[in-house]
Every structure is written in structure tokens, then in C-alpha cells.
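Visitor:
Numbering (my numbering), first residue to last: -7 to 227.
Spelled out as C-alpha cells, the structure:
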């Protein structure tokens, strides 16, 4: 099970227990938490641009008036019309680690509309996570389920697209600020309100589930287009 936070950027962590896994596929090894002197580790994949991409569409390009509008625009078209955005507005993070990379929008035609560009921006979230999933799997830590949080995860369209492209169930809590909740759970255990973290899970809110519903051919075509755009960018 993976936990992925979508704020300004995206940070995906998978608990590896007491094993400090040294990634051979350009992921980060990090400390998840320490309780009673026992350290629990995680593998992490970092994406530099997530919610900040929506902010750029709003404040930089004026294509949307609010982040919430992006979901309605994405639904208004059947696909991105061939438009692919590589959102390297602050470089590309894992697994590429190219701080010198700059963003690109490819596939534009006279038929490209505002909705196609906004949808392509949202699609880039799942595309980047698919690259992370490949790297995690190569390190022996394949994903079976994803839990998402952070402000951007409130976007239902994006949450469903993650499930479709990653081909795994995605779960989102009703309160998406679960990074703060995790700190509160640890504090509750430390204060003796709960005997352990498993008991502290009673603090978790209700959640919504998103299950894959995309044909394999559509998924494959999307990822092929994404990797072609990334390859052109990094040449």
C-alpha cells in the first residue's frame, strides 16, 4: 500500500518496515517514523509539480478561475485531443532527477481547446505516478493499493484517473489533510491515549474509493504518448 500526498508537489511513500531499502531505480530511502527507539523506513518518489500546475493554469495562463474548475473541464471532453503536458516547471523529479528540464505542451492542433489543455495537465499527474510505480516495482515494492491525500486529491476526476492509469484501487479520506492527522495519531500514542498505532487508526475518517475502469488499450496509448513527450524533452 502506497501513500501519496498531492500538495504543491507530490510525494509518494511506501512503508518498508525495519528494512532500509537502497533503491537501484532512482528512488529515495527515508525515515517514515520512529517509535520507542524503533525506526521504520520508507521508499519515496518525489514529483516536483502537482498542485502548483493548477496554480499556474489559473494565475499564469488564466485558463481556469479555480482549481475545482479543472475537473469539470476535464469531463467536458472525451480525451485530451492528443495534447500531452510534461509539467517540468521546476525540473523533473523521480525517477528522472533532471533539475535542468523545462516543461512542454505537445500535440497542439487547431482543434485544441482550453479543456484539452486542462485535461492534459490533470492527466500528467497519473502519468508521473506511473513512472514512479515502475521504479517501485523494479525495487521489489510494487503497488497493490494507493491512499491519496493533500489539497489536490479532492479532485474526483484526478483520483479516478490515478486508479485507471495505475490499474489499482485508490482510496481518499473525507478529510484530505492526513499528514497532520498522522502527526496527531503519533502524538496520541505518545500521550497514552492509544496503546499503539494500530489502535490509533480509530482516528481515521471515512473515505471514498476509486476503482480502475479504463480499457488496457486506452491506458497503453496514454502512457506511450507520455513517454514519447518525455523522451523528446530530455534529448
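C-beta: ideal position from N, C-alpha, C; glycine also.
Since the structure is predicted, the reported quantities are computational estimates derived from the model, not experimental observations.
Going by DSSP, what residues sit across from residue 9 in a beta bridge?
Guide: DSSP lists 33 as partners of residue 9.
Visitor: Should the stretch 124 to 134 be regarded as contacting the stretch 92 to 109, the criterion being three or more beta carbon pairs within less than 8 Å?
Guide: With a cut-off of 8 Å, the stretch 92 to 109 and the stretch 124 to 134 do not count as touching, because too few Cβ pairs lie within range.
Visitor: Across the stretch 198 to 210 and the stretch 50 to 57, are there enough close Cβ pairs to call them in contact, namely three or more that are closer than 8 Å?
Guide: Output reads no: the stretch 50 to 57 does not touch the stretch 198 to 210.
Visitor: DSSP on residue 169, reduced to helix/strand/coil?
Guide: Here residue 169 sits in coil by DSSP.
Visitor: Here's the rule: buried if 16 or more other CB atoms are within 10 angstroms of the residue's CB, otherwise exposed. What is residue 216?
Guide: The residue in question, residue 216, is exposed, as its Cβ has fewer than 16 Cβ neighbours within 10 Å.
Visitor: Could you give the C-beta distance for residue 111 and residue 65, rounded to a whole number, given that I count them as a contact under 8 Å?
Guide: Rounded, the Cβ-Cβ distance is 7 Å, consistent with contact.
Visitor: According to the neighbour-count rule (16 or more other Cβ atoms, all chains shown, within 10 Å of its Cβ), is residue 138 buried or exposed?
Guide: Burial call: buried.
Visitor: Nearest chain C C-beta to residue -5 closer than 8 Å, yes or no?
Guide: In the structure shown, chain C cannot be found, because there is only a single protein chain.
Visitor: Under 8 Å between the Cβ atoms of residue 24 and residue 5?
Guide: In this structure, residue 5 lies closer than 8 Å to residue 24 by Cβ.
Visitor: Check whether the stretch 168 to 177 and the stretch 140 to 153 are in contact - that is, three or more C-beta pairs closer than 8 Å.
Guide: The stretch 168 to 177 vs the stretch 140 to 153: in contact.
Visitor: Which residue comes first and which comes last in the alpha helix (DSSP H) that contains residue 240?
Guide: Within the shown structure, residues of the chain are numbered from -7 to 227, placing residue 240 beyond reach of any answer.
Visitor: In terms of residues, what are the limits of the beta strand (DSSP E) holding residue 26?
Guide: First-last of the beta strand (DSSP E) with residue 26: 20 to 27.
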